[in-house]
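Structure first, commentary second.
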Amino acid sequence: MTTDRQISDQRVALVTGGTSGIGLAIAQRLRDDGLRVAVLDLDREEARAVANDAAFLFVGADLSRRADCRAAVDAVTGAFGRLDVLVNNAGFQHIDPIVDFPEDTWDAMLHVMLTAPFLLSKYAWAHLAASGQGRIVNVASIHAQVASPFKSAYISAKHGLIGLTRTQALEGADAGLTANAICPAYVRTPLVTRQIADQARTRGISEADVEQQVMLEPAAIKRLLDPVDVAALASYVVSPAAWGMTGAVLDLDLGWTAR
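Here it is as structure tokens:
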């Protein structure tokens with residue numbers, strides 16, 4: 001039987017974008033590691049259902065809104081009384097040349113993928129520092145390290161996230177608070193699966209050829225990652241064993257940047 005003392009001693013994690021893809025895999029892994037987990041996503045019926053099925057605390061929020069970022073942290077700390085781990089994972093992609101890139105989409109993408117991680121860490125900072133083993137994990141991308149055409153907002157946000165990670169690491173060190181960025185190559189998420197299908201139609205090739213000839217062309221290992229691969233790395237990064245790792249940019253890139 002779990003006692004009140006054991007519950008109070010359990011670390012608490014907040015995972016943004018936590019009801020699908022990489023975020024869901026990380027949330028499930030942290031739960032299996034013994035953490036109490038809150039997942040943040042847009043307030044939709046299907047997102048609530050995923051959270052309820054997994055016994056996560058669901059936090060409905062729109063990360064393009066400053067007030068929602070503060071309310072999300074308040075909801076988690078109000079429910080659990082603490083916050084030890086913040087995983088900034090939420091994001092989305094839009095593909096267009098710079099000259100045609102919608103300005104409102106640019107604003108929204110940078111807010112969700114760069115401003116929101118800053119705000120969430122700002123509002124959570126006192127709780128993370130009080131933990132003594134606070135952890136910030138910023139899920140970046142191989143596109144935080146390299147560029148590709150037609151993804152200007154996504155790549156700008158992810159490059160900025162690396163700078164934020166390093167600053168968080170320097171400012172949090174005295175409190176035992178670490179911050180690290182995970183940079184995966186293409187992961188087989190619902191978003192990527194849709195991209196593969198779309199590119200197969202527009203290019204007139206098979207989905208298998210899109211994977212091998214387009215997405216995996218720069219990689220040494222010709223296989224898409226699975227969300228659980230990213231979750232396994234996140235599990236270590238937030239663990240007490242990783243106390244000495246901070247400010248790191250952790251490439252899970254299939255050898256993309258080895259050339």
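Following UniProt numbering, the numbering of the sequence shown begins with 1 at its first residue and continues without gaps.
Think of the CB as a built atom: it goes at the ideal place given N, C-alpha and C, for glycine as much as any other residue.
DSSP has D41 in a bridge; who is on the other side?
D41 is bridged to G60.
Roughly how many whole angstroms lie between the Cα atoms of F80 and S206?
Rounded to whole angstroms, F80 to S206 spans 48 Å at the Cα level.
Assuming contact is defined by CB atoms lying nearer than 8 Å, are I136 and A179 in contact in what I supplied?
Closer than 8 Å, so yes.
Residues that P184 bridges to, as DSSP identifies them
BP columns for P184 point to L252.
Candidates G78, V76, D43, of which the one nearest A61 by Cα:
Ranked by Cα distance from A61, the first of G78, V76, D43 is D43.
May I ask you to report which of helix, strand or coil DSSP gives L86?
Here L86 sits in strand by DSSP.
Quick one: is Q168 buried, meaning 16 or more other Cβ sit within 10 Å of its Cβ, or exposed?
With 16 or more Cβ atoms within 10 Å of its Cβ, Q168 is classed as buried.
Give a single yes or no on whether L110 has its beta carbon closer than 7 Å to a heavy atom of the ligand MN.
Of ligands this structure carries none, so the ligand MN is not represented either.
State the CB to CB distance for the pair I162 and A181, rounded to an integer number of angstroms; the pair is presumed to be in contact (CB under 8 Å).
With 8 Å as the limit, I162 and A181 qualify as a contact, their Cβ atoms being about 6 Å apart.
Relative to the C-alpha of V249, which residue among I142, G204, F56, Y123 is closest?
Ranking the options by Cα distance to V249, first place goes to I142.
Measure the C-alpha to C-alpha separation of D84 and T257 and round it to an integer number of angstroms.
Straight-line Cα distance between these residues: approximately 32 Å.
By a C-beta neighbour count over all protein chains shown, 10 Å radius and 16 as the cutoff for buried, is P190 buried or exposed?
P190 should be labelled exposed.
Please say whether G255 and T165 have beta carbons closer to each other than 8 Å?
Cβ atoms of T165 and G255: not closer than 8 Å.
I196, buried or exposed, once every other Cβ within 10 Å from all chains shown has been counted against 16
Result: buried.
Given a cut-off of 8 Å, decide if G134 and residue 261 are closer than it, judged by their beta-carbon atoms.
The structure shown does not extend to residue 261, since the chain spans only 1 to 259, so no value can be given for it.
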